[in-house]
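Numbering (my numbering), first residue to last: 1 to 58.
As structure tokens, the structure follows; a few thoughts come after it.
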């Protein structure tokens, strides 16, 4: 099967690894206490990213 996106190398540069780690930390749901604090106006994380659907562009 041909892939459009290049595979991530097992030997990464430190900069690439940092970017991947940051993206991994950002990709989580919002805490429940924020829903309570905002009166449920913020219901979900709009910047959520699926690993297969949206690429990072690194």
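Think of the CB as a built atom: it goes at the ideal place given N, C-alpha and C, for glycine as much as any other residue.
Cut-off 6 Å between Cβ atoms - residues of its own chain near residue i, not counting five sequence neighbours on either side
{"i": "residue 56", "result": "23"}
{"i": "residue 61", "result": "For residue 61 there is no data in the structure shown, the boundaries of the chain being 1 and 58."}
{"i": "residue 49", "result": "27"}
Nearest neighbour of residue i, chosen from the options [CA to CA]
{"i": "residue 47", "options": "13, 34, 31, 27", "result": "27"}
Sub-8 Å separation of residue i and residue j beta-carbons
{"i": "residue 40", "j": "residue 29", "result": "no"}
Nonlocal neighbours in the same chain, by C-beta distance under 8 Å from residue i, ignoring five residues either side
{"i": "residue 116", "result": "Because residue 116 is not part of the residues shown, which for the chain are 1 to 58, the question remains open."}
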